[in-house]
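Data block below; observations after.
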Amino acid sequence: MSKKAAKKSKIGTERMTLLDYVIFAILLVLALMILIPFWNVIMISFATQKEYADNPMLMFPKEFTFDSYKALFADGSILTGYKNTLILLVIGLPLSMFLTTSMAYGLSRSKFPFKKFIFFLVLFTMIFNGGIVPLYLIMKSLHLTGSLWSVILAGSFSAFNMILMMNYFYTLPESLMESARLDGAGEWRILFSVVLPLATPIIATITLFYGVAYWNSWYDAMIFLRKADQLPLQNVLRTIIVESQTNASNASSVDAAGAAAKFSTGMKMAAVFVTMVPIMCFFPMLQKHFAKGVLTGAIKT
0 MSKKAAKKSK IGTERMTLLD YVIFAILLVL ALMILIPFWN VIMISFATQK
50 EYADNPMLMF PKEFTFDSYK ALFADGSILT GYKNTLILLV IGLPLSMFLT
100 TSMAYGLSRS KFPFKKFIFF LVLFTMIFNG GIVPLYLIMK SLHLTGSLWS
150 VILAGSFSAF NMILMMNYFY TLPESLMESA RLDGAGEWRI LFSVVLPLAT
200 PIIATITLFY GVAYWNSWYD AMIFLRKADQ LPLQNVLRTI IVESQTNASN
250 ASSVDAAGAA AKFSTGMKMA AVFVTMVPIM CFFPMLQKHF AKGVLTGAIK
300 T
């Protein structure tokens, strides 16, 4: 028997200790604490009002209904929200990655002029924030209020993400860049042809960070946008839920109020499910790079 086969056989015959069972039980309980509420949200969105009233902790409805989703998509505003959010992602995500990657690469080079001073300015913004009023005045002076560009530019750069990427670039051997320079490559060519192909984990991680931030963006849109056809998905969902709660509170009779409240709960759960499904589909594609990118980028060597 080869050493590899013997090692596998030994691993397979090892017995679990008491500590292993305790750890397994703790992890199982924690997993159920996460999965059960998640599953309950999904099931309530497909349940009838009566069934939810009888059993709020619903695990599997007897009668599936799409009434909550029909009400959610009734006026078409949810589709407009999806369109505007996709615009934010298509334009904002590449812009954010370009700004973050280019600055992180420049600050990671030892011969970059005024490197320490520029890094101090970036770090200063993490500690002291000017607030929303100066940002609004800047957008107003640029005539960007009322445009999706205000939301894109407001969230286009994160000092935290840049520092993560910069620290990752520090881990790359300087000899690779020197070899490329000897071959006549410029800094942009080195960045795109040498550095970025070796930085897949941190690129995937920062892409995930920016993607989730743009997808969940609502505060900047609430400040800068006024027209309903410009609102991203999160603002549209917020409007729908607030309106459903208002209708419930303004119902004329007690029975009508109760029915409206239950219907409002179904819409809330449907809104949560509609919001998180795209991110759930997007996250597994980058998950394998996530841990490595964060751990390497968080430690300066």
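In numbering that gives the first Met the number 0, the protein residues as written are 0 to 300.
Idealized CB from N, CA, C, for every residue including glycine.
Nothing here was measured: the structure is a model prediction, and the numbers come from that model.
- Message: When you compare the CB positions of Phe168 and Ala198, do they come within less than 8 Å of one another, or not?
- Response: yes
- How is Asp219 classed by DSSP in three states: helix, strand or coil? helix
- Query: Between the C-alpha atoms of Ile189 and Tyr81, what's the straight-line distance to the nearest angstrom?
  - Reply: 37 Å
- Task: Assign Ala259 to buried or exposed, taking buried as 16 or more other Cβ atoms, counted over all protein chains shown, within 10 Å of its Cβ.
- Result: Reliability fails at Ala259, whose pLDDT of 46 lies under 50, so the model's placement of it is uncertain and the value that follows must be treated cautiously. Classification for Ala259: buried.
- Message: Assuming Asp19 is part of the alpha helix (DSSP H), what are its boundary residues?
- Response: 17–44
- Message: Tell me which residues share the same chain as Pro277 and place their Cβ nearer than 8 Å to its Cβ, disregarding the 5 neighbours each side in the sequence.
- Response: Trp214
- Message: Excluding the 5 residues flanking Ser76 on each side, which residues of the same chain have their C-beta closer than 6 Å to its C-beta?
- Response: Val235
- Chain-order list of residues whose beta-carbon lies under 8 Å from that of Thr264 (same chain, five-residue window excluded): Ile43, Tyr51
- Message: Report the CB separation of Leu181 from Thr84 in whole angstroms; it is logged as a contact under 8 Å.
- Response: Rounded, the Cβ-Cβ distance is 46 Å, inconsistent with contact.
- Query: When the Cα of Gly91 is compared with those of Ala269, Gly210, Leu224, Ile239, which residue comes out closest?
  - Reply: Gly210
- Ala184 (DSSP reduced to helix, strand or coil): coil
- Task: Can you tell me the Cβ-Cβ gap for Met96 and Thr206, rounded? I've got them flagged as a contact below 8 Å.
- Result: 6 Å
- CB-CB under 6 Å to Val271, same chain, minus the five flanking residues each way: which ones, in chain order? Val40
- Task: Report buried or exposed for Lys110, applying the criterion of at least 16 other Cβ atoms within 10 angstroms of its Cβ.
- Result: exposed
- Task: Could you tell me the distance, in whole angstroms, from the CA atom of Leu152 to the CA atom of Cys280?
- Result: 26 Å
- How is the alpha helix (DSSP H) around Asp66 delimited, first residue to last? 66–71
- Message: What residue range does the alpha helix (DSSP H) around Ala158 cover?
- Response: 158–169
- Message: Assuming Ala103 and Met164 are in contact, meaning their beta carbons sit under 8 Å apart, how far apart are those beta carbons, in whole angstroms?
- Response: 4 Å
- Message: Just to confirm, is the Cβ distance from Val132 to Asp219 under 8 Å?
- Response: no
- CA-to-CA distance, Trp38 to Phe273, given in whole angstroms: The amino acid occupying residue 273 in the given sequence is Val; Phe does not appear at that position. Taking the straight line joining both Cα atoms gives about 14 Å.
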